[in-house]
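Here the structure is laid out as structure tokens; the discussion comes afterwards.
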Amino acid sequence: MEQKQIAIVGAGTGGLLACKYCLSKGFNPIVFDFESGIGGVWAKTIKTTRLQLPKAMYQFSDFPWPASVTDDFPTQQEMIEYIRSYATHFNLMPHINFNSRVKGISYDGPSSDTWSLWNGTGEAFPPEGKWNLTVENTKTATTQTYKADFVILCVGRFKDIPNIPKFPDGKGPEIFRGKAIHSTEYAAMDHDAAAEFVKGKKVTVVGFGKTGLDIAREISAINGPEHPCTIVYRKDHWKLGNWFPWGLALVNFMFCRMTVLSVHKPGESLLLSLLATLLFPIRWGIWTLLETHAKMTLPLAKYNMVPKHGLSNDFSSGLLLYMPNPELFFDAVEKGSIKLVKSPSFTFYEKGIAAGNGQEIKADVVIYATGFNGVEKLKNVFESPKFGHYIAGSPRVPLYRETIPTRIPQAAVIGFSDGLSSLYTSEMRCRWVAALLEGSVKLPSIKEMQKDIVNWDEYMKQSSGEYHTRSFFGGLEIWYNDLLCNDMGMNPMRKKGLLANLFEPYEPRDYAEI
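Residue numbers (the working numbering): 92 to 605.
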């Protein structure tokens with residue numbers, strides 16, 4: 092039987108996992124990445140970047156962290172070394188083509204418009220149909236076309252296409268006398284070059300998520316109160332300065348099956364729905380206690396940073412921010428090294444930024460920490476406008492099991508939707524896709540898959556509100572993994588004994604193959 096060719100786009104953690112699991116099923120994967128090395132978003136970050144979750148929740152299931160990494164929150168350098176060790180251990184490097192930019196992919200096969208089953212047959216490999224990948228070697232400036240029986244897109248959503256705010260004519264960065272860049276440009280600089288770039292300058296950072304926080308802290312440490320760094324942001328979100336409030340491990344609560352039982356879930360039975368309703372007051376009480384702890388231990392009220400919404404909303408939307416060493420941040424605010432400006436909008440003027448509240452902020456440098464346009468990035472991979480519309484034509488990218496585009500044949504997407512630990516969720520998806528390629532996972536009809544997608548859409552609208560298009564399902568990792576395990580014929584109860592399955596946290600290593 093002919094060995095099927097699997098093309099994988101991206102050599103971040105998702106691409107490496109896809110490659111590893113395809114190899115484990117006897118397939119022939121080839122990976123393309125336009126960078127010169129592996130790692131994806133971890134390959135190049137600002138100097139102070141660390142893992143936000145304890146490392147036990149961010150590791151490969153069958154490749155634990157080395158004993159030499161003792162900190163619960165490894166540095167970027169430790170993270171990239173861990174990823175490289177994984178790739179070396181499973182001999183993935185020979186399958187990766189670096190400096191290879193996938194300019195576009197086109198499908199040579201029958202139309203999917205009238206299919207009732209995915210690929211027309213419900214199988215991963217229909218009788219006819221191939222993908223053509225146009226790949227540019229960025230070193231030699233040559234282009235080559237590769238053929239594949241299946242494509243796995245591991246392009247991520249937090250890299251490459253910056254999300255730049257739009258401005259009225261005459262009020263954008265074109266009138267600004269200083270320099271306006273995106274955080275990705277700042278992160279791409281050598282660490283010494285980045286420090287020199289901002290040294291002695293008035294810098295304004297737009298955005299107060301993880302990246303904005305890290306950049307502002309780094310700049311304030313360089314410049315001090317003589318040249319304060321200003322953070323301009325629209326809305327307050329909850330921040331935690333400790334993963335162990337009152338000495339209790341918060342991740343044990345987040346990744347516990349009992350916690351999941353207190354949440355209404357897409358596709359749940361009547362019994363589970365009733366149970367979630369009964370347990371909701373307990374869950375509400377825990378979130379309220381966490382809000383109280385945050386307000387007691389962080390000076391949020393002093394600096395007008397208390398959000399108007401509940402902490403559970405940010406948790407469900409992926410906007411809950413862990414702030415390591417919070418006393419250093421608030422000390423910088425107190426001393427004037429960091430200034431906070433809350434404004435619903437802003438524009439530029441010649442000397443800096445004009446906030447929507449009427450305040451003018453003088454700046455030499457403006458850094459957008461405003462994220463990335465992941466939808467546009469994924470859409471642009473496809474040469475077919477029709478396939479691009481399937482990706483971008485809905486408010487939220489429609490993927491069955493957050494992986495399969497139902498009207499795009501012989502293709503899967505890894506890492507677009509996210510959970511609290513992207514590595515955790517990506518590994519289970521890659522294992523599921525490999526089982527699908529092998530034929531041990533059977534998909535329902537396109538109609539049934541689209542109905543399931545709608546159910547997940549409704550869940551995310553209820554849990555995340557205006558942020559539901561982020562496709563974040565924090566807190567439902569166990570439920571999601573249960574669905575994938577059932578599809579693959581694996582026992583979803585990964586621990587020994589009822590009490591352990593209910594109350595002990597589920598870690599990636601619980602899903603190591605037995």
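Yeah, the Cβ is synthetic: ideal placement off N, Cα and C, and Gly gets one too.
**Request:** Quick one: grab the DSSP three-state call for R192.
**Result:** One-based indexing of the sequence shown puts residue 192 at position 101. Strand at R192.
**the segment 170-184 touching the segment 105-116, judged by at least three CB pairs closer than 8 Å** = yes
**Request:** Tell me whether G303 sits in a helix, a strand or coil according to DSSP, three-state version.
**Result:** Here residue 303 is taken as the residue at index 212 of the sequence shown, counted from 1. If DSSP states are grouped into helix, strand and coil, G303 belongs with the helices.
**Request:** On a CA-only basis, which of A385, A134, V354, L363 is nearest I373? Give me that one, please.
**Result:** The residue you call residue 373 lines up with position 282 of the sequence shown. For the residues A385, A134, V354, L363, the minimum Cα distance to I373 belongs to V354.
**Request:** Between the Cα of L391 and those of N464, D422, I499, Q450, spot the shortest distance and give me the residue it belongs to.
**Result:** Working through the sequence shown from its first residue, we reach residue 391 at position 300. Looking at the Cα atoms, D422 is the closest of the given residues.
**Prompt:** Do you know offhand how far F645's Cα is from F406's?
**Reply:** What is shown of the chain runs 92 to 605, which leaves residue 645 out entirely.
**Nearest to T461 (by Cα), restricted to the options N190, L339, L304, E219** = Counted from its first residue, the sequence shown places residue 461 at position 370. Comparing Cα positions, the closest option is L304.
**Item:** Bridge partners - H273, DSSP secondary structure assignment
**Value:** Taking the first residue of the sequence shown as 1, we reach residue 273 at position 182. According to DSSP, H273 bridges with Y459.
**Request:** Look up V100 in the DSSP assignment and give the residues it is bridged to.
**Result:** On the sequence shown, position 9 is the one that residue 100 refers to. Its beta-bridge partners are F123, L244.
**Request:** Could you tell me how far apart the beta carbons of I53 and A278 are, in whole angstroms, since I believe they sit closer than 8 Å?
**Result:** A question about residue 53 goes unanswered here, because the residues of the chain that appear run from 92 up to 605.
**Message:** Pop quiz: S127 and N190 are said to be a contact at Cβ under 8 Å. What is the actual Cβ separation, rounded to whole angstroms?
**Reply:** For the purposes of this step, residue 127 is identified with residue 36 of the sequence shown, where counting begins at 1. For the purposes of this step, residue 190 is identified with residue 99 of the sequence shown, where counting begins at 1. Correct: roughly 6 Å between the Cβ atoms.
**Message:** When you compare the CB positions of T321 and A454, do they come within less than 9 Å of one another, or not?
**Reply:** In the sequence shown, the residue the question calls residue 321 occupies position 230. In the sequence shown, the residue the question calls residue 454 occupies position 363. Taking 9 Å as the Cβ cut-off, T321 and A454 qualify as a contacting pair.
**Request:** Measure the beta-carbon distance from L107 to I129 and round it to whole angstroms, keeping in mind my assumption that it falls under 8 Å.
**Result:** If you number the sequence shown from 1, residue 107 lands on position 16. If you number the sequence shown from 1, residue 129 lands on position 38. The Cβ separation is near 6 Å, so the contact holds.
**Asked** Which residues bound the alpha helix (DSSP H) around F406?
**Response** Taking the sequence shown and counting its residues from 1, one reaches residue 406 at position 315. From DSSP, the alpha helix (DSSP H) with F406 extends over 402-408.
**Asked** How long is the line joining the alpha carbons of A483 and V342, rounded to whole angstroms?
**Response** Here residue 483 corresponds to residue number 392 of the sequence shown, with the count starting at 1. Here residue 342 corresponds to residue number 251 of the sequence shown, with the count starting at 1. The alpha-carbon atoms of A483 and V342 are separated by roughly 34 Å.
**Message:** Whole angstroms are fine: how far does the CA of Y413 sit from the CA of D601?
**Reply:** Position 510 of the sequence shown, counted from the first residue, corresponds to residue 601. Position 322 of the sequence shown, counted from the first residue, corresponds to residue 413. Taking the straight line joining both Cα atoms gives about 25 Å.
**Request:** Can you say whether N404 is buried or exposed, counting buried as having 16 or more other CB atoms within 10 angstroms of its CB?
**Result:** Residue numbering aside, residue 404 sits at position 313 when the sequence shown is read from its first letter. With 16 or more Cβ atoms within 10 Å of its Cβ, N404 is classed as buried.
**Message:** For K607 and N395, what's the separation of their Cα atoms in angstroms?
**Reply:** This structure cannot speak to residue 607, because the chain is shown only from 92 to 605.
**Prompt:** Under 9 Å, do G105 and S517 count as touching if we go by C-beta distance?
**Reply:** In the sequence shown, counting from the first residue as 1, residue 105 sits at position 14. In the sequence shown, counting from the first residue as 1, residue 517 sits at position 426. For G105 and S517, yes; Cβs fall inside 9 Å.
**Request:** Work out the CA separation of V424 and F288 for me, nearest whole Å.
**Result:** Looking up residue 288 in the sequence shown gives position 197. Looking up residue 424 in the sequence shown gives position 333. Each residue's Cα considered, the two are about 22 Å apart.
**Item:** Contacting residues, own chain, Cβ-Cβ under 6 Å from G211 (five flanking each side not counted)
**Value:** For the purposes of this step, residue 211 is taken as the residue at position 120 of the sequence shown. The answer, listed in chain order, is P217.
**Asked** Nearest to G131 by CA position, among G117, K533, G103, T494, is which residue?
**Response** To locate residue 131, count along the sequence shown from 1; it is residue 40. With distances taken between Cα atoms, G131 lies closest to G103.
**Message:** Just verifying my parser: in three-state terms, what is the DSSP assignment at P596?
**Reply:** If you number the sequence shown from 1, residue 596 lands on position 505. DSSP places P596 in strand when its eight states are reduced to three.
**Request:** Note down, in chain order, each residue of its chain lying with its Cβ closer than 6 Å to the Cβ of Y173, except the 5 sequence neighbours on either side.
**Result:** Start at 1 with the first residue of the sequence shown, and residue 173 comes out as number 82. Same-chain partners within the cutoff: there are none.
**Asked** Is the beta carbon of Y237 less than 9 Å from the beta carbon of A98?
**Response** The residue given as residue 237 occupies position 146 in the sequence shown. The residue given as residue 98 occupies position 7 in the sequence shown. For Y237 and A98, yes; Cβs fall inside 9 Å.
**Request:** Taking all protein chains shown into account, decide if V524 is buried (16 or more other Cβ within 10 angstroms of its Cβ) or exposed.
**Result:** Locating residue 524 in the sequence shown gives position 433, where the first residue counts as 1. Buried is the call here.
**Item:** C-alpha gap between N254 and I272, whole angstroms
**Value:** Taking the first residue of the sequence shown as position 1, residue 254 is located at position 163. Taking the first residue of the sequence shown as position 1, residue 272 is located at position 181. So the alpha carbons of these two residues sit roughly 11 Å apart.
**Message:** the ligand FAD and E604: does the residue's C-beta get closer than 8 Å to at least one heavy atom of that ligand?
**Reply:** The model on display carries no ligand, and the ligand FAD is accordingly not part of it.
**Prompt:** Should A279 be flagged as near chain D, meaning a C-beta pair shorter than 9 Å?
**Reply:** The displayed structure is made up of one protein chain only, and chain D is not part of it.
**Message:** Quick check: L402 and A385, are their CB atoms within less than 9 Å of each other?
**Reply:** Locating residue 402 in the sequence shown gives position 311, counting from the first residue. Locating residue 385 in the sequence shown gives position 294, counting from the first residue. The answer is yes: Cβ separation under 9 Å.
**Asked** Within 10 angstroms of its Cβ, does L224 collect 16 or more other Cβ (buried), or is it exposed?
**Response** Walking along the sequence shown from the start, residue 224 turns up at place 133. Classification for L224: buried.
**Request:** With a cut-off of 8 Å on the beta carbons, I'd call E529 and I266 a contact; round off their distance for me.
**Result:** As a working note, residue 529 is residue 438 in the sequence shown. As a working note, residue 266 is residue 175 in the sequence shown. Rounded, the Cβ-Cβ distance is 58 Å, inconsistent with contact.
**Prompt:** Just the Cα atoms here: how many angstroms apart are A147 and P599?
**Reply:** On the sequence shown, position 56 is the one that residue 147 refers to. On the sequence shown, position 508 is the one that residue 599 refers to. Going by the C-alpha atoms only, they are around 8 Å apart.
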